[in-house]
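Residue numbers in the sequence shown follow full-length UniProt numbering, run continuously in steps of one, and reach 43 at the last position.
C-beta atoms are modelled at their ideal positions from N, C-alpha and C, and glycine is treated no differently.
Below: one structure, written as structure tokens.
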Amino acid sequence: GLNSPLKVFNPAFDLTPHGYVEAIITEKGIIKKPFEGNIKLVC
């Protein structure tokens, strides 16, 4: 329950600093920097 003393670490939800991200890979393609403009190309 919510009051459980169990501590959990799930790296799937870890946050990566944006400076380390070079590309975003999706089922529609690879989005490279600058993300703001290029994300529109795969949507």
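- Looking at the backbone, the Cα of P11 and that of P34 are separated by about 26 Å.
- Per DSSP, K7 lies in no alpha helix (DSSP H) and is assigned neither H nor E.
- I25 is classed as exposed because its beta carbon has fewer than 16 other beta carbons within 10 Å across all chains shown.
- Straight-line spacing of the CA atoms in H18 and I39 works out to 15 Å.
- Rounded to the nearest angstrom, the Cβ distance from V42 to K32 is 11 Å, too far for a contact under 8 Å.
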